[in-house]
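Numbering (UniProt numbering), first residue to last: 1 to 501.
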Amino acid sequence: MHLSNALGVRPMGVSGMMYIQCTQCGTINKLKLGKTHRPPDSKRTGVGIFNVNTKLAAGMIHSGIGETQLNNLLSTINLHCIDHKSLKRRENEIGHFIEKNSKTSENNFLIEEAIGSLVIGEPSAAGDADLEENILDNGISVSTDTCWQKKGSGRSYNSLSGVATLIGKNTKKILHHAQRVSSCRICQSAKKKGDFARVHACKQNWSGSAKAMEADMVAQMVKDLVVVEKINVSEIAGDDDSTGFEKIKKQMPHLEIEKTSDRNHIKKNVNSKLYELKNSKMHKEFTQKVLDSIQKNFSYMIDQNQGSEDGIKNGLKAITEHMFGNHTFCNVSWCGGLTKGDAYKHLNLPYGKDLTSKQLKADLEKIFQNKLLTKANQLSKLSSSQANESFNNTVASKAPKRLHYSGSASLGYRVCSAVLQKNEGYEYMSKVNEAAGLSPGNETLKRAGKLNIRRDRKSVKSKSKEWKTNRIKLKQKRLAKNVSKELREGKTYETELYGSR
1 MHLSNALGVR PMGVSGMMYI QCTQCGTINK LKLGKTHRPP DSKRTGVGIF
51 NVNTKLAAGM IHSGIGETQL NNLLSTINLH CIDHKSLKRR ENEIGHFIEK
101 NSKTSENNFL IEEAIGSLVI GEPSAAGDAD LEENILDNGI SVSTDTCWQK
151 KGSGRSYNSL SGVATLIGKN TKKILHHAQR VSSCRICQSA KKKGDFARVH
201 ACKQNWSGSA KAMEADMVAQ MVKDLVVVEK INVSEIAGDD DSTGFEKIKK
251 QMPHLEIEKT SDRNHIKKNV NSKLYELKNS KMHKEFTQKV LDSIQKNFSY
301 MIDQNQGSED GIKNGLKAIT EHMFGNHTFC NVSWCGGLTK GDAYKHLNLP
351 YGKDLTSKQL KADLEKIFQN KLLTKANQLS KLSSSQANES FNNTVASKAP
401 KRLHYSGSAS LGYRVCSAVL QKNEGYEYMS KVNEAAGLSP GNETLKRAGK
451 LNIRRDRKSV KSKSKEWKTN RIKLKQKRLA KNVSKELREG KTYETELYGS
501 R
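Below, the structure is given as structure tokens:
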């Protein structure tokens with residue numbers, strides 16, 4: 001046989017069967033253009049499933065694209081497109097192993113987090129025989145956050161699905177995740193036809209509103225750890241935007257668990273109030289530079305007084321008083337006004353001078369003293385859910401908010417893919433291939449290694465003082481440049497600007 005005698009190729013996804021005719025006997029021989037496999041429980045005979053087609057579906061999930069984008073790519077490089085039904089079958093095939101590996105990864109890190117929370121107490125009089133009785137279980141500390149697969153406008157939150165996670169404080173890995181889906185394409189299609197839905201793995205598990213998803217998922221995840229896994233949860237950190245903690249206490253009233261707020265959300269809420277005050281244009285003295293200075297002072301005060309309720313109370317008073325020339329509540333470690341007196345100049349205020357507007361001071365005191373002073377204890381025990389926010393971005397890269405994947409099992413596969421990428425690194429795809437009986441792939445491993453190195457370098461770099469300082473300088477430079485241009489250009493973009501002149 002020779003390739004010159006090939007009669008043609010029968011496409012099967014991105015691979016296929018080549019037919020070659022023997023020049024001596026005329027027999028037509030079939031030649032597979034790649035490795036194939038069969039599901040363990042399959043009794044069907046024939047060519048089998050080409051490995052490359054299954055890996056193609058895995059790549060689609062991993063890279064965050066769908067059937068349309070994938071076939072657009074294949075057609076552009078002049079490769080045979082894969083039928084959407086065939087691609088869906090391959091997605092379900094590899095998706096099963098992605099979900100299985102994701103569950104295993106979460107369980108492994110849950111055990112590691114639980115072991116890390118154990119503390120060995122004082123030895124008993126009986127000696128080493130009672131060593132187990134001296135081990136104290138302080139419970140694990142976790143952070144939580146929720147993402148929805150549709151952007152909320154601020155007035156309308158009607159996403160058809162949501163995903164919540166629990167991340168361990170010590171391991172920084174995902175210990176558990178939950179998903180709420182309020183629609184199913186197969187069920188909806190059958191309902192339109194007035195028929196019964198065919199047997200399928202329906203993922204619809206929610207009938208309430210999109211806003212209520214977060215509280216329900218948080219309560220379910222904590223209950224799974226405490227009741228099912230027998231893991232004690234002592235602290236849960238998150239934003240204060242939902243009633244998740246109240247639902248936990250209602251379902252498990254005897255559970256001793258502490259709720260801590262997320263520092264980024266606290267700062268964000270304060271910033272919103274400051275911008276609301278600035279946009280009211282009631283205070284000429286309240287410029288962007290003054291607002292930035294207040295934000296900076298509040299951020300430093302919160303971080304420096306963690307664990308000290310009295311420090312928070314004093315700091316909230318010092319934020320406004322310091323900027324208006326009263327240094328009674330200041331500390332010599334950071335306030336030059338206590339050492340330099342009248343010669344002191346502010347580094348972050350216009351011309352280094354004190355603020356003078358009494359009305360501005362009164363409005364700022366309403367924010368920092370009237371409202372926040374009562375929350376001093378809460379502000380002194382802040383945690384962070386930034387790791388959850390980072391994971392939400394990973395989910396959005398694999399299941400973009402502009403596309404609808406929750407109508408089938410596809411969303412679950414993509415979320416589990418994000419979990420594995422967070423917990424195991426980029427080489428998780430090779431492990432999924434091995435679990436499915438496929439080769440790990442030399443290029444897959446090589447690419448994963450490069451991405452892991454890049455991620456580690458970026459993580460170290462972004463935590464350095466030099467990188468953070470440079471980021472602030474660049475932000476200030478961009479802001480000054482943009483303000484200068486807008487002043488020269490005048491009004492060019494504004495709501496209902498056209499025709500208002």
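All residues carry an ideal CB built from backbone N, CA and C; glycine is no exception.
State buried or exposed for residue i, treating a residue as buried only when at least 16 other CB atoms are found within 10 Å of its CB.
i	result
GLY238	buried
VAL233	buried
CYS22	exposed
HIS404	buried
ALA343	exposed
residue 542	Because residue 542 is not part of the residues shown, which for the chain are 1 to 501, the question remains open.
GLN476	exposed
CYS25	exposed
ALA399	buried
VAL227	exposed
SER333	exposed
LEU110	buried
VAL483	exposed
ILE231	buried
HIS322	buried
ARG414	buried
VAL460	exposed
ALA480	exposed
HIS177	buried
THR444	buried
residue 510	The structure shown has nothing for residue 510, since the chain only spans 1 to 501.
TYR428	buried
GLU276	exposed
If you follow the alpha helix (DSSP H) that residue i is part of, which residue opens it and which one closes it?
i	result
HIS96	84-116
residue 514	One cannot answer for residue 514 here, as it falls past the ends of the chain, which runs 1 to 501.
LYS30	LYS30 -> not in any alpha helix (DSSP H); beta strand (DSSP E) instead, spanning 28-32.
residue 533	Residue 533 is absent from the structure shown; the chain starts at 1 and stops at 501.
ALA362	358-365
LEU338	337-340
LEU74	67-76
From which residue to which residue does the beta strand (DSSP E) around residue i run?
i	result
LEU445	Segment 442-462 is the alpha helix (DSSP H) holding LEU445; no beta strand (DSSP E) there.
TYR19	15-21
VAL227	Here VAL227 belongs to no beta strand (DSSP E), and DSSP marks it neither H nor E.
ILE135	135-137
ALA6	6-12
What do you reckon, are the CB atoms on residue i and residue j nearer than 9 angstroms?
i	j	result
LEU372	LEU316	yes
GLU113	CYS416	no
ILE266	ASN297	no
ASN433	LYS55	yes
residue 503	SER183	Only positions 1 to 501 of the chain appear in this structure, which leaves residue 503 out of reach.
LYS340	SER390	no
ILE49	GLU93	yes
PRO305	ILE294	Going by the sequence as given, residue 305 is Asn instead of Pro. Their beta carbons are not under 9 angstroms apart, which means ASN305 does not touch ILE294 by this criterion.
LYS401	GLN179	no
ILE140	ASN170	yes
ILE257	LEU379	no
VAL14	ILE82	yes
ILE167	SER143	yes
CYS147	ALA396	yes
SER105	LEU420	yes
THR287	PHE324	no
GLY95	ALA57	yes
ARG455	TYR426	yes
ALA33	MET17	Checking the sequence shown, residue 33 turns out to be Leu, not Ala. For LEU33 and MET17, yes; Cβs fall inside 9 angstroms.
Looking at chain B, is there any beta carbon in it that lies within less than 9 angstroms of the beta carbon of residue i?
i	result
GLY208	Considering every chain present, this structure includes no chain B. It has just one protein chain.
For residue i, is the beta carbon positioned less than 8 angstroms from some heavy atom of the ligand NAP?
i	result
ILE453	Only the bare structure without any ligand can be found here, which leaves the ligand NAP out of the picture.
Length-filtered (3 minimum) beta strand (DSSP E) runs lying within the segment 371-428: If we require 3 residues or more, the segment 371-428 turns out to have no beta strand (DSSP E) run fully inside it.
- prompt: In chain order, which alpha helix (DSSP H) runs of at least 4 residues are fully inside the segment 146-196?
  reply: 185-193
message: Ignoring anything shorter than 3 residues, give me the beta strand (DSSP E) runs that lie fully in the segment 243-308, in order along the chain.
response: If we require 3 residues or more, the beta strand (DSSP E) runs fully inside the segment 243-308 come out as 258-261.
- request: Write down every uninterrupted run of the alpha helix (DSSP H) in the segment 469-499 whose length is 4 residues or greater and which is fully enclosed by it, in chain order.
  value: Qualifying alpha helix (DSSP H) stretches: none in this window.
field: Inter-stretch contact (C-beta, 8 angstroms, three-pair minimum) for the segment 220-227 and the segment 243-255
entry: yes
message: Could you check whether the segment 376-387 touches the segment 261-280, counting it as contact only if at least three pairs of C-beta atoms, one from each stretch, sit closer than 8 angstroms?
response: yes
message: I'd like to know if the segment 73-82 and the segment 36-48 are in contact, where contact means that at least 3 CB-CB pairs between them fall below 8 angstroms.
response: no
task: Please confirm if the segment 356-368 is in contact with the segment 277-293, defined as three or more CB-CB distances below 8 angstroms between the two stretches.
output: yes
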